[in-house]
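Enquirer: Just passing along the structure, written as C-alpha cells.
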Amino acid sequence: MDEGDPAAHGARVVVHTLPLMVMVEHFTRSQLAEEPHTFGILLGTTSVQQVFPTWDVVGWYTVQQLPTTAESITKELQTCTPEPLAIVLHPSAVAYTHAQKTGTLPISAYLPNNGTLEPTATALGTAPAEHVVLSDANSRARHTGDDSSAENNAIFAAFAAERDAMQALYERIQSACAYVDGVRQGLHPHNDALLRRLAAAVANQGSRAPPRFEALQERDADYAHLVDYLADLTNNLHTLNELVELGSLSAHRGV
C-alpha cells in the first residue's frame with residue numbers, strides 16, 4: 001500500500017497484476033464448479049520488515065460485492081494484521097468497459113476505519129510484478145537440471161538485466177524532464193552545464209520524423225540529385241560543343 005491522493009480512506013492501494021490473475025482464475029474455477037460464492041485470502045510481505053520476510057495474511061478478496069459478513073471477516077483477520085485489505089473483483093462486462101474508459105481497474109478496495117470498511121483508491125503496479133515473474137523464471141531455469149537450463153538461465157538473466165536497465169533509463173528520463181520543466185517554470189535553478197549535457201544527449205539520439213515529413217525529405221533529396229545530374233549533363237554538353245567546335249576549326253584549317 002502506497003500513500004497517495006486521499007480517497008475516502010486517505011490512502012491508495014497499489015495492486016499487482018499477479019493477485020488479480022489469481023482472483024480471476026479462482027472465480028473461473030468457482031464458476032465451473034457452480035459454487036455460489038468466491039472467497040480467498042491475500043498473502044504478502046511487509047517491505048523492509050526483515051531481511052528474509054515470510055508470507056503473512058494481508059487481507060481477503062471476494063467477487064461481485066461485499067457480503068453482509070464483510071465486517072466480521074475483517075475483524076477476524078485483524079488478529080493477523082492491523083489493517084486487513086478487502087478487495088472485490090467485478091467480473092461483469094459493464095465493469096470492464098467502465099474500467100477501460102476511465103483508466104481504472106474493475107475492482108473495489110476497502111480498508112477498516114473505526115469498525116467499518118471504507119473504500120479507497122486503487123492503482124495498478126506492474127514493475128514489481130514483472131520483477132517477480134523474471135526472478136521466478138530465472139530461479140526455475142537455474143534449478144531445472146535439464147540440458148538447456150544453463151541457456152535458459154542466461155536468457156532470463158539477460159531479460160532481467162535489460163529490464164533493470166530500461167527501468168533506470170526511464171527514471172533518468174523522468175528526472176531530466178522534471179528538471180527542465182522546473183527550470184522553465186522557475187522552480188529549479190538554471191544550470192548551464194547540465195542543460196548543455198541534456199541537449200547533447202538529446203541531439204545524439206536523433207529524432208523520429210512522421211512518415212509525411214520523411215516522404216518530403218526523400219522528395220527534396222531526389223530533386224537535389226536530379227539538379228546535380230542535370231548540371232553535370234549541361235557541363236558535359238558544353239564540353240562536347242567545345243570539342244566539336246575545335247574539331248571543325250582544325251578541319252577548316254586543314255582544308
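Position 249, counted from 1, in the sequence shown is what UniProt numbering calls 249; the numbers after and before it change by one each time, with no gaps. Built from N, CA and C at the ideal position, the CB exists for glycine as well. Being a predicted model, the structure only gives us computed values, none of them experimental.
#1: Measure the C-alpha to C-alpha separation of glutamine 78 and arginine 29 and round it to an integer number of angstroms.
#2: Whether or not the region 81 to 89 and the region 108 to 124 are in contact is what I'm after, with contact meaning three or more pairs of Cβ atoms, one per stretch, closer than 8 Å; do they touch?
#3: Apart from the five residues on each side of it in sequence, which residues of its chain come closer than 6 Å, Cβ to Cβ, to valine 244?
#4: Determine the DSSP secondary structure at proline 36, reduced to helix, strand or coil.
#5: Using 8 Å as the Cβ pair cut-off and three pairs as the minimum, do the region 36 to 46 and the region 94 to 102 touch?
#6: For histidine 26, which residues of its own chain have a beta-carbon under 7 Å away from its beta-carbon, when the five flanking residues on both sides are left out?
#7: Quick check: what's the CA-CA separation for alanine 215 versus aspartate 222?
#8: Rounded to whole angstroms, what is the Cα-Cα separation between leucine 240 and glutamate 218?
#9: On the CB-based measure, 16 or more other CB atoms within 10 Å of its CB, does methionine 166 come out buried or exposed?
#10: Return the chain-ordered list of same chain residues with a C-beta closer than 6 Å to the C-beta of valine 183, the five sequence neighbours on each side being excluded.
#11: Less than 8 Å between the beta carbons of leucine 117 and alanine 176, yes or no?
#12: Are alanine 121 and arginine 12 touching if we call contact CB-CB under 8 Å?
#13: Straight-line CA distance for phenylalanine 156 to tyrosine 179?
#14: Just to confirm the assignment, what range does the alpha helix (DSSP H) spanning valine 72 have?
#15: Mapping the DSSP letters down to three states, classify asparagine 113 as helix, strand or coil.
#16: Pull up the DSSP beta-bridge partners for valine 13, would you.
#17: Report, in whole angstroms, the separation of the C-beta atoms of valine 24 and leucine 43, which I expect to be a contact under 8 Å.
#18: Give the secondary structure of leucine 105 by DSSP, where H, G and I count as helix, E and B as strand, and everything else as coil.
#19: Please classify threonine 74 as buried or exposed, where buried requires at least 16 neighbouring CB atoms within 10 angstroms.
#20: Is DSSP giving glycine 4 helix, strand or coil here?
#21: From the DSSP output, in three-state form, read off glycine 59 for me.
#22: Helix, strand or coil for glycine 186, going by three-state DSSP, please let me know.
#23: Measuring straight from C-alpha to C-alpha, what distance separates residue 337 and leucine 198?
#24: Is it buried or exposed, valine 227, if we count other Cβ atoms within 10 angstroms and call 16 or more buried?
#25: Out of curiosity, what's the CA-to-CA distance linking leucine 194 and arginine 163?
Expert: In short, the structure shows the following:
#1: Answer to the nearest angstrom: the Cα atoms are 28 Å apart.
#2: yes
#3: none
#4: Proline 36: coil per DSSP, three-state reduction.
#5: Output reads no: the region 94 to 102 does not touch the region 36 to 46.
#6: Thr38, Gly40
#7: 10 Å
#8: 33 Å
#9: exposed
#10: His190
#11: Going by C-beta atoms, leucine 117 is not nearer than 8 Å to alanine 176.
#12: yes
#13: 35 Å
#14: Inspection of the sequence shows that residue 72 is occupied by serine rather than by valine. 70 to 77 is the span of the alpha helix (DSSP H), which, as asked, contains serine 72.
#15: The answer is strand: DSSP assigns asparagine 113 an E or B state.
#16: Thr122
#17: Actually they do not touch by this definition, with Cβ atoms about 17 Å apart.
#18: coil
#19: buried
#20: Confidence in glycine 4 is poor, its pLDDT being 37 and thus under 50, which makes the residue's placement unreliable; the coordinate value appears in the next sentence. Three-state result, glycine 4: coil.
#21: strand
#22: coil
#23: Lying outside 1 to 255, the shown extent of the chain, residue 337 is not represented and no answer is given.
#24: Per the 10 Å Cβ criterion, exposed.
#25: The straight-line gap from Cα to Cα measures roughly 27 Å.
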